[in-house]
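Line by line, the protein sequences give chains H, G, Y and R. Residue 1 is where the first sequence starts when you use full-length UniProt numbering, and the numbers rise one by one after that. Residue 1 is where the second sequence starts when you use full-length UniProt numbering, and the numbers rise one by one after that. Residue 1 is where the third sequence starts when you use full-length UniProt numbering, and the numbers rise one by one after that. Residue 1 is where the fourth sequence starts when you use full-length UniProt numbering, and the numbers rise one by one after that. Take a look at the structure set out below.
Number of protein chains: 4
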Amino acid sequence: MTTQRKPPSPAPRRNEASRRAILTAAFALVQEVGYAKLSIEGIAARAGVGKQTIYRWWPSKGAVLFDAFLMLSEQPGSGDSALPDTGDLEADLKAVLRATIEELNDPRYDEPMRALNTEITHDPALAALYAERLDGPMRELKKGRLRSAQRAGQLAGDLDLDVAVDLIWGPLLNRWLQRTGALTPGYADSVVETALNGLRPRP
Amino acid sequence: MTTQRKPPSPAPRRNEASRRAILTAAFALVQEVGYAKLSIEGIAARAGVGKQTIYRWWPSKGAVLFDAFLMLSEQPGSGDSALPDTGDLEADLKAVLRATIEELNDPRYDEPMRALNTEITHDPALAALYAERLDGPMRELKKGRLRSAQRAGQLAGDLDLDVAVDLIWGPLLNRWLQRTGALTPGYADSVVETALNGLRPRP
Amino acid sequence: MTTQRKPPSPAPRRNEASRRAILTAAFALVQEVGYAKLSIEGIAARAGVGKQTIYRWWPSKGAVLFDAFLMLSEQPGSGDSALPDTGDLEADLKAVLRATIEELNDPRYDEPMRALNTEITHDPALAALYAERLDGPMRELKKGRLRSAQRAGQLAGDLDLDVAVDLIWGPLLNRWLQRTGALTPGYADSVVETALNGLRPRP
Amino acid sequence: MTTQRKPPSPAPRRNEASRRAILTAAFALVQEVGYAKLSIEGIAARAGVGKQTIYRWWPSKGAVLFDAFLMLSEQPGSGDSALPDTGDLEADLKAVLRATIEELNDPRYDEPMRALNTEITHDPALAALYAERLDGPMRELKKGRLRSAQRAGQLAGDLDLDVAVDLIWGPLLNRWLQRTGALTPGYADSVVETALNGLRPRP
DNA sequence: CGTTAACCGAGACGGTACGTCACGTCTTAAA
DNA sequence: TTTAAGACGTGACGTACCGTCTCGGTTAACG
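See below:
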């Protein structure tokens with residue numbers, strides 16, 4: 001995306017102001033008009049930019065959206081820090097999931113995030129970028145917290161942390177994307193408890 | 001969908017052949033050209049049908065797609081039957097998940113299902129219909145199998161079966177939709193085992 | 001143009017109102033903004049019509065312009081009648097040429113006619129149509145008047161009437177198109193006299 | 001054109017090689033792609049020149065084209081010499097007109113000349129320049145030949161030589177521009193004869 | 001058992017957006 | 001300071017579909 005072409009020596013004299021305006025406009029528009037009505041033409045108009053300036057630097061609408069998220073995620077204080085680690089894994093996870101739910105329910109992020117997910121699901125290249133730049137770092141944080149718990153003996157020693165992450169966050173995201181049910185704090189708690197204890201009866 | 005208008009008394013004289021042609025064409029097209037390039041004009045052309053015939057009976061492209069899936073699901077032997085119940089819950093779940101994975105990896109179903117999910121995530125009305133007609137029945141089957149295991153003491157007595165279903169199928173679907181990783185039989189097994197035993201160490 | 005496609009049986013159900021609006025708009029616009037800034041987009045907007053409606057029925061901007069002239073020329077009293085024939089050839093020709101000059105100098109027709117000539121000079125297909133539908137009939141009228149004079153012994157018996165027409169009207173049109181000089185009534189008279197008498201001294 | 005800005009004292013340090021490359025490219029391109037598709041970008045690319053270099057020195061596409069013709073006309077042996085004067089006016093004129101026809105029919109000059117005419121017809125400023133630098137000198141040559149004939153008593157004494165020139169060359173150019181008919185040697189002869197003798201019967 | 005109203009295919013229509021091309025202006029780095 | 005290079009805001013291109021609207025032709029229920 002951001003690095004679509006890497007010229008041998010002369011850096012592409014790219015207008016940073018236009019770039020930011022485009023990404024900001026894209027994010028604002030998708031939350032206002034929704035994914036289906038998001039258009040490159042609209043983004044360009046809102047950003048006060050020529051369409052060609054978008055086509056010059058991004059290969060698709062989804063790529064713009066992706067970079068918009070990237071820009072957001074790179075703002076200071078947006079989550080580069082680690083997850084809470086009070087020693088109480090269950091409480092920490094519940095807190096994080098409740099926060100996630102709040103974000104997913106926030107109308108400012110709901111539509112944009114659905115849009116991003118839609119683009120990813122239909123564009124493997126974008127998905128790879130997503131895995132590398134957005135999901136990857138976040139997943140590392142999650143796994144970091146779990147590893148800490150594992151070291152403390154609170155998680156099974158042979159646990160596959162990737163599966164563990166999926167088990168905790170997967171149900172949530174799936175319910176959100178498929179609108180299978182409401183995302184409530186209670187649901188978050190329930191998922192955490194069940195995931196930690198497993199479906200089988202504990203002796 | 002199918003029942004968009006309720007005629008006073010005379011049943012709407014609807015051409016069943018056209019209806020089937022439209023749904024078949026929609027399903028075929030979405031798997032051929034992908035979600036982004038699926039168009040009502042294209043469906044109409046492929047089905048040998050006037051555009052108006054589509055607009056007359058369906059409110060949106062997503063609704064057509066939904067009905068296409070509905071038609072498929074109502075064909076005999078497409079899953080109305082119960083899930084396998086050999087008494088060995090873990091084995092049964094692994095088998096079902098492996099089958100699911102195979103379907104998701106099948107190029108004939110991959111694109112159409114992603115398309116359906118996209119429509120659902122952006123259209124609450126469609127999502128409600130989905131919950132009622134497609135996901136609901138399937139979820140009942142899943143819960144049925146789990147209930148049977150619960151009765152046999154293989155699952156915790158106070159287990160929320162909806163959460164349980166999410167815990168088992170959510171990770172899979174989420175990985176598929178977000179393309180976070182490959183869907184392999186090993187992954188299916190891993191998810192089932194981890195869900196059943198939980199993340200915590202068993203004594 | 002007007003007859004771009006001739007379907008076997010079902011006449012193309014074409015919107016006559018749109019057609020007239022397009023032609024009227026095209027003619028009005030070319031005289032307002034000039035040939036260089038005449039755009040299909042502009043015509044469509046002015047006519048209150050979708051662009052596709054223009055592209056559906058005309059292959060080029062020039063074709064629209066041509067049909068606009070055709071429409072004008074087919075209005076009653078626009079010249080289907082014969083040229084004046086008072087018996088005095090010289091006077092009649094001078095009158096006609098003076099009228100022509102007045103039209104060419106009329107700002108309402110100047111730009112549109114230059115535009116039409118430009119299209120014709122760069123598009124042989126359009127030129128053929130022009131020869132058949134616009135120039136041809138007019139040329140017949142001119143030749144008719146000359147033939148009448150020829151019969152009266154006022155013109156050489158072996159005169160090639162096509163060359164004669166060119167000799168009378170060619171200088172005028174050429175001076176107008178190339179802007180080689182002003183088009184004045186005196187110039188018209190001069191051309192007529194010189195053409196009739198020839199360059200050589202009369203005995 | 002060439003002298004768009006008048007520098008206070010130091011002559012504009014203008015790259016002559018670029019200038020020639022631009023004019024050559026313009027002429028070559030217009031004959032290859034035609035007037036409609038001739039673009040400044042294309043000329044710059046073909047000439048290996050920055051766009052700004054064109055905009056700095058020429059106000060319009062037509063001006064470039066005009067200068068391209070000017071460059072051609074200033075090459076040695078391109079017609080600064082007088083018209084043939086064998087004493088036989090009719091033969092001389094026929095020879096000249098036949099040569100003109102050959103040039104107009106030459107695909108290397110057809111498109112460029114049509115393009116130049118188009119620019120002139122839509123741009124009075126360019127037309128004035130044309131009258132002064134290209135058409136003017138040529139017209140003087142023509143009038144020179146006619147004056148010589150007039151002195152010899154072969155042309156009417158009171159003949160307006162400008163009208164005479166128009167009468168001889170106008171029909172030809174008009175037929176060419178409007179594509180009213182083919183330009184053949186026979187047509188050239190016919191025009192010359194008719195112009196010399198006039199339309200009226202000679203006693 | 002004909003009438004008639006709805007449905008059907010076809011596709012024209014006013015629109016919106018697409019992705020591309022060229023415009024004329026501008027900025028940059030090298031000569 | 002000019003130049004080659006090319007990014008930029010602008011606007012038109014010609015195309016694809018949108019959802020609405022006729023148009024004849026067919027078809028099934030009613031009168």
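Here a beta-carbon is modelled for each residue, glycine too, at the ideal position from N, C-alpha and C.
Check whether residue i and residue j have beta carbons under 8 Å apart
i: R/L183; j: R/W176; result: yes
i: G/N174; j: H/N174; result: yes
i: G/S190; j: H/V163; result: yes
i: H/K94; j: H/A188; result: yes
i: R/T121; j: R/L172; result: no
i: R/L141; j: R/L161; result: no
i: H/L65; j: H/A125; result: no
i: Y/G144; j: Y/A82; result: yes
i: G/R133; j: G/L72; result: no
i: G/P203; j: H/P203; result: yes
i: G/A28; j: G/R46; result: yes
i: R/Q31; j: R/R108; result: yes
i: R/N117; j: Y/Q154; result: no
Residue environment, residue i, which counts as buried when at least 16 other CB atoms sit within 10 Å
i: H/N15; result: exposed
i: H/D88; result: exposed
i: R/G198; result: buried
i: Y/V33; result: exposed
i: G/G157; result: exposed
i: H/E111; result: buried
i: R/A91; result: exposed
i: Y/T180; result: buried
i: R/E119; result: buried
i: G/P8; result: Caution applies to G/P8, whose pLDDT of 42 falls short of 50 and renders its modelled position unreliable; the value that the coordinates give is listed next. It is exposed - the Cβ of G/P8 has fewer than 16 other Cβ atoms within 10 Å.
i: G/G62; result: buried
i: G/G170; result: buried
i: Y/R194; result: It is worth fixing the name first, because residue 194 of chain Y is Thr in this sequence and not Arg. Result: buried.
i: H/D85; result: exposed
i: R/T3; result: No answer about R/T3 holds up, because its pLDDT of 43 lies below 50 and its placement is not dependable.
i: G/A128; result: exposed
i: Y/W75; result: Reading the sequence as shown, one finds Gln at residue 75 of chain Y and not Trp. With fewer than 16 Cβ atoms within 10 Å of its Cβ, Y/Q75 is classed as exposed.
i: Y/A26; result: buried
i: H/A44; result: buried
i: Y/K37; result: exposed
i: H/A149; result: buried
Residue i Cβ short of 7 Å to the ligand COA heavy atom set
i: G/N197; result: In the structure shown, the ligand COA is absent, as is every other ligand, since no ligand is present at all.
Against chain Y, which members of the UniProt domain "HTH tetR-type" (16 to 76) of chain R pass a CB distance test of less than 9 Å? In summary, the residues of the UniProt domain "HTH tetR-type" (16 to 76) of chain R whose CB is separated from some CB of chain Y by less than 9 Å are G34, Y35 and A36, in the order they occur in the chain.
Between the stretch 20 to 29 of chain H and the stretch 53 to 73 of chain H, do three or more beta carbon pairs fall short of 8 Å? Flag = yes, the stretch 20 to 29 of chain H and the stretch 53 to 73 of chain H touch.
Which residues, in chain order, does the stretch 95 to 126 of chain H contribute to contact with chain G at a C-beta distance below 7 Å? Result list: R114, N117, T118, I120, T121, H122 and P124.
Chain R contacts made by the stretch 184 to 201 of chain Y, where a contact means CB separation under 7 Å: So the list reads S190, V191, T194, A195, L196, N197, G198, L199, R200 and P201, given in the order they occur along the chain.
Against chain R, which members of the stretch 162 to 175 of chain Y pass a CB distance test of less than 7 Å? Using a CB distance below 7 Å, the part of the stretch 162 to 175 of chain Y facing chain R consists of V163, A164, D166, L167, G170, P171, L173, N174 and R175, ordered along the chain.
Along the stretch 132 to 145 of chain H, what residues have a CB closer than 7 Å to any CB found in chain G? Listed by position, the residues of the stretch 132 to 145 of chain H near chain G (Cβ gap below 7 Å) are D135.
For the stretch 147 to 161 of chain Y, list every residue whose C-beta sits within 8 Å of some C-beta in chain R, in sequence order. For the stretch 147 to 161 of chain Y, the set of residues with a beta-carbon nearer than 8 Å to any beta-carbon of chain R comprises G153, Q154, L155, A156, G157, L159 and D160, in chain order.
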